[in-house]
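One structure is given here, and the rest of the page talks about it.
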Amino acid sequence: MSSKPSAIIFGGLNTCSRALAALLVPPEGERLVSHLRIVDRFSVNPPTTYLGAEFPKVLAQPDVEYRQANLTIPSVVASAFDPPPGKAPYSYVFDLTGEISHDRSEVIAIKLTFNVARIIGLEAARRKVNAYVRLQQPVYETSDKGPHDEKEDVKPVRPLDVWWHETLRMLASIDDLPLVVLRIGFVYGPYVEFGLYPLVITVASIYGYMNKPMKTPWGPGKDGVNTVHIDDVSGGLWACAKWIASLGQIYFHNDRTKVKDTEGTCIPDAQPVAPVFNLVDDSEMTMAKGGSMITEFFGTTFEFYSFFENAMAKLKLDDVVEEINEHHVGTWTEMLQTSNPPIVQTPLDAYMDHWALSRRKLSYNNSKIKKVIGYKLIRPQFTHDALREVVDKWKAEGSWPALEGR
1 MSSKPSAIIF
11 GGLNTCSRAL
21 AALLVPPEGE
31 RLVSHLRIVD
41 RFSVNPPTTY
51 LGAEFPKVLA
61 QPDVEYRQAN
71 LTIPSVVASA
81 FDPPPGKAPY
91 SYVFDLTGEI
101 SHDRSEVIAI
111 KLTFNVARII
121 GLEAARRKVN
131 AYVRLQQPVY
141 ETSDKGPHDE
151 KEDVKPVRPL
161 DVWWHETLRM
171 LASIDDLPLV
181 VLRIGFVYGP
191 YVEFGLYPLV
201 ITVASIYGYM
211 NKPMKTPWGP
221 GKDGVNTVHI
231 DDVSGGLWAC
241 AKWIASLGQI
251 YFHNDRTKVK
261 DTEGTCIPDA
271 QPVAPVFNLV
281 DDSEMTMAKG
291 GSMITEFFGT
301 TFEFYSFFEN
311 AMAKLKLDDV
321 VEEINEHHVG
331 TWTEMLQTSN
341 PPIVQTPLDA
351 YMDHWALSRR
361 KLSYNNSKIK
371 KVIGYKLIRP
381 QFTHDALREV
391 VDKWKAEGSW
401 PALEGR
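Heads up: the sequence shown begins at 1 in the working numbering, then just goes up one per residue.
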């Protein structure tokens, strides 16, 4: 039997699981795990979510399995933990579950974020896995004084985000769960189509196409909007798993009748503890810096509305949203149609709703993961070369318009 660990990834097919899988079992290069199973609610054949050009090559390999499953059902999750005949039990669990659609109700957030993670966490503890790594999306807002380390009390922004946060408290209260939390910045990189930066990249290309400046009401733009490359999300998850697995585990042996059952949610004054690591790059990205770099890449500029324009925009936000999107969506459609060849289907969207246009404040200190785990960033800086790689790979797969002279 292989000395390498076996791994299972739950969720994240529409976020970071594809890149993690490519790291664990690369089509070319040495594998990090002996067997990999990925479990999520989406279908991959035919695909019901964006997969990118390279992920099918990962799935086509031996000892790599994708299982479509309803993770809200405990018995389904339990069966997902059963390894194939002749294979070792899964020792590394990567929990990338959680609802990311910001327009979902709180009921859905509880069901698809909190409840799903609880089911997986409880089963992982029962199986006595060696590592349980939870990926925490950028659901927090930090104060103006930053960057912030893991000890500081950062605040979840929306009701959806509160349940992402409460999920961590719940997981940290599960006995025998070797939990480590990786708390990331805003993700970018090849085949990453979700979240803030892919949208900004798309919209910036539209303003470059129109030869107009891209504007925002949130001047002067010093707020942190820290970035992290998808390669480092994958690398950080793997590093966290190896680290927590090496520490060993002290299992619970008390009389459970003496311990109050919280039924999943922690009582308000509970203080569950788990190792948490921030993961952002070294760019110290702000709105002004990121906006300027991205628009410069597309041959235009990043500007702020004047005080008067800003005041009027905030008074008529609904009208502004619709007016902005008339330009965005219409021009993006034109770019797709005039592409050579024309783009008939793309995962990229140019529509910016209230959430996309709202102010961001996320500034993390990344020194702890470097010192404690010894993690070295693969992509320490957000650069034009990285943007070029992103756009070129989208072009190659037919998701990005190929326009003459651009």
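Glycine residues also receive a C-beta, built at the ideal position from the N, C-alpha and C atoms.
Residue i vs residue j beta-carbon contact at 8 Å
i: residue 98; j: residue 137; result: yes
i: residue 369; j: residue 278; result: yes
i: residue 94; j: residue 9; result: yes
i: residue 24; j: residue 18; result: no
i: residue 69; j: residue 41; result: yes
i: residue 135; j: residue 235; result: no
i: residue 233; j: residue 290; result: no
i: residue 27; j: residue 4; result: no
i: residue 229; j: residue 378; result: yes
i: residue 146; j: residue 292; result: no
i: residue 359; j: residue 223; result: yes
i: residue 38; j: residue 240; result: no
i: residue 401; j: residue 193; result: no
i: residue 164; j: residue 113; result: yes
Nearest-angstrom Cα separation, counted from residue j out to residue i
i: residue 168; j: residue 181; result: 8 Å
i: residue 399; j: residue 211; result: 22 Å
i: residue 282; j: residue 381; result: 6 Å
i: residue 304; j: residue 321; result: 16 Å
i: residue 72; j: residue 301; result: 46 Å
i: residue 205; j: residue 231; result: 23 Å
i: residue 259; j: residue 396; result: With a pLDDT of 34 at residue 259, under the threshold of 50, the modelled position of this residue cannot be trusted, and the question is left open.
i: residue 408; j: residue 356; result: No information on residue 408 is available, as it lies outside the stretch 1 to 406 that the chain covers here.
i: residue 393; j: residue 65; result: 25 Å
i: residue 328; j: residue 390; result: 20 Å
i: residue 339; j: residue 294; result: 21 Å
i: residue 116; j: residue 157; result: 21 Å
i: residue 63; j: residue 55; result: 15 Å
i: residue 408; j: residue 89; result: Residue coverage of the chain in this structure runs from 1 to 406, which leaves residue 408 outside it and unanswerable.
i: residue 82; j: residue 33; result: 17 Å
i: residue 367; j: residue 186; result: 17 Å
i: residue 351; j: residue 131; result: 39 Å
i: residue 375; j: residue 59; result: 27 Å
i: residue 179; j: residue 171; result: 7 Å
i: residue 47; j: residue 121; result: 27 Å
i: residue 199; j: residue 332; result: 12 Å
i: residue 275; j: residue 221; result: 32 Å
i: residue 75; j: residue 123; result: 10 Å
i: residue 43; j: residue 404; result: 36 Å
i: residue 140; j: residue 16; result: 18 Å
i: residue 214; j: residue 341; result: 27 Å
i: residue 61; j: residue 22; result: 11 Å
i: residue 254; j: residue 173; result: The predicted position of residue 254 is uncertain, since its pLDDT is 36 and thus under 50; no value can be drawn from it.
Residue i - DSSP class collapsed to helix/strand/coil
i: residue 233; result: helix
i: residue 252; result: Caution is warranted here: a pLDDT of 40 is assigned to residue 252, below 50, making its placement in the model unreliable, and no coordinate value can be reported.
i: residue 402; result: coil
i: residue 224; result: strand
i: residue 126; result: helix
i: residue 199; result: helix
i: residue 137; result: coil
i: residue 115; result: helix
i: residue 214; result: strand
i: residue 278; result: strand
i: residue 74; result: helix
i: residue 351; result: coil
i: residue 103; result: coil
i: residue 261; result: Because the pLDDT at residue 261 is just 38, under 50, the model does not fix this residue reliably, and the point stays unresolved.
i: residue 392; result: helix
i: residue 184; result: strand
i: residue 194; result: coil
i: residue 95; result: strand
i: residue 382; result: coil
For residue i, the residue or residues it bridges with in DSSP
i: residue 148; result: 364
i: residue 286; result: 224
i: residue 68; result: 40
i: residue 179; result: 132
i: residue 47; result: 44
i: residue 82; result: DSSP output for residue 82 lists no bridge partner at all.
Residue from the options whose Cα sits closest to the Cα of residue i
i: residue 388; options: 235, 202, 353, 11; result: 202
i: residue 175; options: 27, 118, 191, 199; result: 118
i: residue 323; options: 404, 354, 24; result: 354
i: residue 80; options: 87, 67, 92; result: 67
i: residue 219; options: 367, 287, 166, 7; result: 287
i: residue 384; options: 297, 345, 186, 364; result: 297
i: residue 129; options: 349, 7, 280, 140; result: 7
i: residue 20; options: 133, 102, 161; result: 133
i: residue 152; options: 76, 365, 122; result: 365
i: residue 87; options: 35, 125, 221, 326; result: 35
i: residue 49; options: 345, 404, 402; result: 345
i: residue 245; options: 53, 45, 91, 85; result: 91
Any C-beta of chain D under 8 Å from that of residue i
i: residue 137; result: Given the protein chain composition of this structure (a single chain), no chain D is represented.
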